[in-house]
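**Q**
In full-length UniProt numbering, the protein residues as written are 1 to 255.
Rendered as structure tokens:
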């Protein structure tokens, strides 16, 4: 199958990847990026392509965004695959004030660190090494080369800078209460395959466990545990490829 590179115009530039990543323009400066920002961006893409319905695969943050989109626009998603994600996350009401204050402070801190400064530059090997050593989930060298391919901008001196929007260091969750979260998850009407990486330590956090229980309570969602870490789709694609193909293209969507 041949893939075609496309660029979709939006008010702040263009979308080629998820905004703030890869070759896409960053969102307009001055505000926090949220899951709602990304759902709106996906809807712009859907409208541009004039899609009536489609199948969607999302990993980590991408899975969170896709599930949020499927909640708000359930008529568009035919089938959804979520690879090792646990959101959108919920916030207990008593934690709301501190959560919001932290978001505001973190956004201002990131802006102060990056304003009027050129991003750090690296040789290609230095950039790959950062991915290999700084990422919480361990990658193989081959996986790192794949991941970094669309994440670097070549500078005039021959070195590279990462293209990722630094505001993504700030939490992009909406701060839904558990009750709101439950309503969102049960608004997903399409069949969902939720692939859970067995070696992801973050899945053991209380908030992630609560969210996973909510997903289990939706009969449209089947959860399958797979051997591997958070980046199993890159490190060992053979472990999930058949599961995804069977789910997406079988009549009943059951494994």
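The beta-carbon is built from N, C-alpha and C at its ideal position, and this holds for glycine as well.
Measure from the C-beta of residue 209 to each C-beta in chain C and report whether the shortest distance is under 8 angstroms.
**A** Structure shown: chain C not included; a single protein chain is present.
**Q** Short of 8 angstroms in beta carbon distance, which residues of its chain neighbour residue 137, apart from the five on each side in sequence? Order them along the chain.
**A** Within the chain shown, numbered from 1, the residue matching residue 137 stands at position 137. Excluding positions up to five away in sequence, the list reads 200, 229, 230 and 231.
**Q** Using the Cα positions of residue 198 and residue 226, report the straight-line distance between them to the nearest angstrom.
**A** Within the chain shown, residue 198 is the residue found at index 198, counting from 1. Within the chain shown, residue 226 is the residue found at index 226, counting from 1. Distance between the alpha carbons of residue 198 and residue 226: 6 angstroms.
**Q** So, does the segment 62–71 touch the segment 87–95, judging by three or more C-beta pairs under 8 angstroms?
**A** They touch, by the three-pair rule.
**Q** Taking only runs that begin and end inside the segment 170–213, name each unbroken alpha helix (DSSP H) of 4 or more residues, in chain order.
**A** 178–185
**Q** Cα separation between residue 73 and residue 111?
**A** Taking the first residue of the chain shown as 1, we reach residue 73 at position 73. Taking the first residue of the chain shown as 1, we reach residue 111 at position 111. If you take the alpha carbons of residue 73 and residue 111, they lie about 32 angstroms apart.
**Q** Just tell me which of 191, 190, 107 and 175 has its CA closest to the CA of residue 30.
**A** Position 30 of the chain shown, counted from the first residue, corresponds to residue 30. For the residues 191, 190, 107 and 175, the minimum Cα distance to residue 30 belongs to 107.
**Q** With a CB to CB cut of under 7 angstroms and the five nearest residues on each side skipped, what residues in its chain are close to residue 168?
**A** Counting from one through the chain shown, the residue named residue 168 turns up at place 168. Here the set comprises 20 and 33.
**Q** With DSSP as the reference, label residue 31 as helix, strand or coil.
**A** Along the chain shown, read from residue 1 onward, the residue named residue 31 stands at position 31. It is coil, neither helix nor strand.
**Q** Give the C-beta separation of residue 124 and residue 160 to the nearest angstrom, bearing in mind that I take them to be a contact with Cβ-Cβ under 8 angstroms.
**A** Taking the first residue of the chain shown as 1, we reach residue 124 at position 124. Taking the first residue of the chain shown as 1, we reach residue 160 at position 160. Their Cβ separation, rounded to whole angstroms, is 6 angstroms, which keeps residue 124 and residue 160 in contact under 8 angstroms.
**Q** Here's the rule I'm using: 16 or more other beta-carbon atoms within 10 Å means buried, otherwise exposed. How should residue 3 be labelled?
**A** Along the chain shown, one-based indexing puts residue 3 at 3. So residue 3 counts as exposed.
**Q** By Cβ distance below 7 angstroms, which residues in the same chain neighbour residue 40 in space, the five residues on each side in sequence not counted?
**A** As a first step, residue 40 must be located in the chain shown, where it is residue number 40. Counting only Cβ-Cβ distances below 7 angstroms, and skipping sequence neighbours, we find nothing.
**Q** Beta-carbon within less than 7 angstroms of residue 120's beta-carbon, same chain only, minus the 5 sequence neighbours each way: which residues are those?
**A** Reading the chain shown from its first residue, position 120 is the one you call residue 120. The answer, listed in chain order, is 161.
**Q** How about the segment 174–194 and the segment 40–51: do they share at least three Cβ pairs that are nearer than 8 angstroms?
**A** no
**Q** Please classify residue 28 as buried or exposed, where buried requires at least 16 neighbouring CB atoms within 10 angstroms.
**A** Your numbering for residue 28 matches position 28 in the chain shown. When all chains shown are included, residue 28 counts as exposed.
**Q** With respect to the alpha helix (DSSP H) encompassing residue 98, which residues constitute its N-terminal and C-terminal limits?
**A** As a first step, residue 98 must be located in the chain shown, where it is residue number 98. 96–114 is the span of the alpha helix (DSSP H), which, as asked, contains residue 98.
**Q** Which same chain residues, not among the five before or five after residue 182, have their C-beta less than 8 angstroms away from its C-beta?
**A** Here the question's residue 182 lines up with position 182 in the chain shown. Answer for residue 182: 214 and 217, listed in chain order.
**Q** Does DSSP put residue 9 in a helix, in a strand, or in coil?
**A** The sequence position of residue 9 within the chain shown is 9, counting from 1. DSSP places residue 9 in strand when its eight states are reduced to three.
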